[in-house]
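S.K.: Pasting a structure below so you can have a look.
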Amino acid sequence: MFRRAPAAPGRRRGLLAAVHAVGALTSPLLPEDFLTLVDPLWSTTSLRGRVVARRRETGRAVSVAIEPGRAWAGHRAGQYVGLAVEVDGVRHRRTYSLSSPEGAEHLTVTVQEVPDGVVSTRLVRNLPIGTIVELDQAAGEFTLPDPLPEKLLFVTAGSGITPVMAMLRTLDRAAAMPDVVLVHAARSPEDTIFAGELTALAARHPSLRVVLRHSGVTGRLDPGGVDRTVPDRADRAVYACGPAGLLDALDEAWDGVRVERFRPAGRASVEGTGGVVELGGTRVEVEPGRSLLDAGEAAGKLMPSGCRMGICFGCVLPLREGRVRDLRTGEEHGEPGDLVQTCVNSACGPARIDLP
Amino acid sequence: MRAATDLSAEQIEELGRRLDAIRDRVLAERGASDAEYIRGVIRTQRALEVGGRAVLFAGALPPAWIAGTAMLSIAKILENMEIGHNVMHGQWDWMRDPKIHSSAWEWDNVSSSAEWKHSHNYLHHTYTNVVGKDRDVGYGILRLSEEQKWNPYYLGNPLYNFLLSLFFEYGVALHDLEVEKLVAGEKPWSRVWQQIKSIGRKTGRQILKDYVAFPALAGPFFLPVLAGNVTANLVRNVWSHAVIFCGHFPAGAVQFTEEQLADESRGEWYVRQLLGSANLDGGRYFHLMTGQLSFQIEHHLFPDLPSNRYAEIAPEVRALCAEYGLEYTTGPLWKQYLQVLGTINRLALPNGRR
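Here the protein sequences come in this chain order: S and E. According to the working numbering, the first sequence is numbered sequentially starting from 173. According to the working numbering, the second sequence is numbered sequentially starting from 2.
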């Protein structure tokens, strides 16, 4: 929990000395432990945000607008953000795509309720305005290149629209809409997030074509269906975001699709052996099929975490003994010293993992 | 263990299961109101500390000196007892708040949290009241049990206790060193040296903060601020010594031998915690100021349950004790403390049996 400050020249060194001097007055706490009594956003060691607005998008989705602390470095359209909220006194970390455009004053995440989802239910149903959330800096590679491709195709389903919405809003603000086709599927018209705004965007930009599909009526989106709708698909740079089944099908059918996955593929189908894992000195029972991260958090351990789907590597910890099972592939792996992704690995008999 | 009670092995295991049920219920109930409780205590403590130090800057005026010193003393007691001790027991780890977590907490005490978690959470809570194993029995300085062999050094028992009470935080820090293990060759010098450096660092920081930096900031009022800070540290030391000694050494609290520890079951462990601990009677704010160690029995049974829950489960634990015929030792602070002092005085002499 201790980061060494980088060597700083001149004036900054003076400032650091001042901070150290104040630190002598607050030891063993930090000056900010007192400052944050006044405003939680003044924290310099953890990035926080304050919920300033909630807007209902559909019956099961809301957009949450968050005013970030000053350390927020901004985001690029298509990136996601890790955030921690408290539910029943327990802090939960999740990752959500940002739906706000680049450079917006407040960042927004648009969240669809997941059945039995602890955090999504809280965000969608009853997150009070003024709530303080912990934030990570934005991350993720699912972004548009500079310069922009001449022709773009977005294929999205469900809440997979959210990173693409950030892209469309950014292009709209810059008044630089290239030739874009968006094919988006939702269960029903009532379940289509941003339906009104998408229609308005298309009306404003002749170069933007929006195709809304309803899987409850026309069946699931598939590569063939998109090809029939977008005859020049092969000329377009393709970005896709949505459920794993759709992304796998697109990946297989076409070359060069950029995808953003919301859940690790095949996770539910894998049965691990489970086992008792010593996590930073505490013995934690890891049930078959449950991730090390989930099990550790349930035992009250402070686990580093990030996307919780195996893409950001924010959760890696050194395996000291034993082996682990990758929940995406079912494969058993690991040698002492390996860094394992705790969010997508379960136990495979007894193991020992160090905590930072 | 069975020697300490009339209970059968079956009864002890049944008692253990019933205590486990209490624990499971509290674990299942933990929630937002508990989180709000500890955050509220932390906010109050920090506000008292800032306020106390501010008022002390006007410490040339006697009423301001008294008010500032009192606020700072209360802040230091809360910080050590209800917050530091309990956070480091992992009572609040379930919140997964990195700011209020046993692995991250450091307290305003010269014993570092890492050393203290070993000597207190591990040694004392595992081997509670086992003479020769639990180093809290006498802190390596006092004679607190007939099982400790008398020698003329112990004639100073009352004096040592008085000094330990004044400098309690140093006593705790030095007791982490386990000097007797060093003498016996069970502990390497390098490890002790590492601990001494850690104590030195923390002592240095406390001296710098309380005895140099804040008095210096007060300029012409250097001396009143210094005196206020010294007093607050003394008050905290004397108070925590009194509370902690009343937890295990008044009449009624039982001590055990290493033989009784052998092959101990979960139920027997519970019984030893019950019999070896003693509670203090008092009101809500009294319990808060003791860090809920006035519920020492409940704390020893369930050291990692949130401290605000001890008051609620105490009647159930007491009823279980009555049902199984086990003594539930409790009394007012003054009475328990006089009993502790009586024991300390008596054991200064060669075997004054009760």
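Backbone N, C-alpha and C fix where the C-beta goes; we use that ideal spot for every residue, glycine too.
#1: Give me whichever residues DSSP pairs with E258 of chain S in a beta bridge.
#2: Where are the alpha helix (DSSP H) runs, 4 residues long or more, that stay fully inside the region 243-317 of chain E, in chain order?
#3: Below 7 Å on C-beta distance, what does D260 of chain S contact in chain E?
#4: Would you mind stating whether V336 of chain S and V398 of chain S have Cβ atoms separated by less than 8 Å?
#5: Does DSSP put F223 of chain E in a helix, in a strand, or in coil?
#6: State the Cα-Cα distance for the pair F163 of chain E and A243 of chain E, rounded to the nearest angstrom.
#7: What residues in the region 46-60 of chain E bring their beta carbon closer than 9 Å to a beta carbon of chain S?
#8: Helix, strand or coil for V138 of chain E, going by three-state DSSP, please let me know.
#9: Below 8 Å on the Cβ atoms is my contact criterion, and I expect L527 of chain S with K473 of chain S to pass it. Report the Cβ-Cβ distance as a whole number of Å.
#10: Could you compute how far the alpha carbon of I39 of chain E sits from the alpha carbon of I84 of chain E?
#11: If you measure from the beta carbon of A243 of chain S to each beta carbon in chain E, is any gap under 8 Å?
#12: Which partner residues of H505 of chain S appear in the DSSP bridge assignment?
#13: Is it the case that the Cβ atoms of V224 of chain S and I304 of chain S are separated by a distance below 8 Å?
#14: Quick one: Cα of T230 of chain S to Cα of K323 of chain S, how far?
#15: Between V497 of chain S and E507 of chain S, is the Cβ-Cβ spacing less than 8 Å?
#16: What do you get for L218 of chain E, buried or exposed, if any count of 16 or more other CB atoms within 10 angstroms of its CB means buried?
#17: Tell me the DSSP secondary structure of L16 of chain E in three-state form.
#18: Since P99 of chain E meets chain S, which of its residues come closer than 9 Å, beta carbon to beta carbon?
#19: Take S463 of chain S and list the residues in its own chain whose beta-carbon comes closer than 7 Å to its own, dropping the five residues that flank it on each side.
#20: Give me, in chain order, the residues of the same chain whose beta-carbon lies closer than 7 Å to that of S215 of chain S; leave out the 5 immediate sequence neighbours on both sides.
#21: Evaluate the contact criterion for the region 121-137 of chain E versus the region 271-287 of chain E: three or more CB pairs, one atom per stretch, below 8 Å.
#22: Run down chain A in chain order and give the residues with a C-beta less than 7 Å from the C-beta of E469 of chain S.
#23: Does DSSP put A249 of chain S in a helix, in a strand, or in coil?
#24: In chain order, which continuous runs of the beta strand (DSSP E) of length 3 or greater are located wholly inside the region 155-217 of chain E?
#25: Ordered along the chain, which non-local residues of its own chain (more than five positions away) have a Cβ less than 7 Å from that of S308 of chain E?
#26: If you reduce the DSSP assignment to three classes, tell me which class P436 of chain S lands in.
#27: Taking the runs of the beta strand (DSSP E) that are 3 residues or longer, which of them lie wholly in the region 268-303 of chain S?
#28: For the region 201-222 of chain E, list every residue whose C-beta sits within 9 Å of some C-beta in chain S, in sequence order.
#29: The alpha helix (DSSP H) with N346 of chain E in it runs from where to where?
#30: Measure the alpha-carbon distance for R227 of chain S versus S235 of chain S and round it to whole angstroms.
#31: Please list the partners that F206 of chain S has in chain E, where partner means a Cβ-to-Cβ separation under 7 Å.
#32: Answer with buried or exposed for A523 of chain S, where buried requires no fewer than 16 other C-beta atoms within 10 angstroms of its C-beta.
#33: If you draw a straight line from the alpha carbon of L384 of chain S to that of G417 of chain S, how long is it in whole angstroms?
#34: So, helix, strand or coil for S241 of chain E, using DSSP?
#35: Starting from the beta carbon of G91 of chain E, find every residue of chain S whose beta carbon is closer than 8 Å, and list them in chain order.
#36: Is DSSP giving A5 of chain E helix, strand or coil here?
M.R.: So, from the listed chains and residues:
#1: S:R263
#2: 259-262, 267-277, 285-290 and 297-302
#3: G32 and A33
#4: no
#5: helix
#6: 11 Å
#7: R47, A48, E50, V51 and R54
#8: coil
#9: 7 Å
#10: 8 Å
#11: no
#12: S:V496
#13: no
#14: 30 Å
#15: Looking at the sequence provided, one finds Arg at residue 497 of chain S rather than Val. Their beta carbons are not under 8 Å apart, which means R497 of chain S does not touch E507 of chain S by this criterion.
#16: exposed
#17: helix
#18: M173, S218, R263, E306 and L474
#19: L499, T514, C515, V516, N517 and S518
#20: E204, T208 and G241
#21: yes
#22: Of the protein chains in the structure, S and E, none is chain A.
#23: coil
#24: none
#25: E83, N87, Q92, G292 and Q293
#26: Unreliable positioning characterises P436 of chain S in this predicted model, as indicated by a pLDDT of 46, which lies under 50. The coordinate reading is nonetheless provided below. Of the three classes helix, strand and coil, the one that applies to P436 of chain S here is coil, per DSSP.
#27: 279-284
#28: K203, R206, Q207, L209, K210, V213, A214, F215 and L218
#29: L334 to R347
#30: 5 Å
#31: R47 and V51
#32: buried
#33: 19 Å
#34: helix
#35: G472
#36: helix
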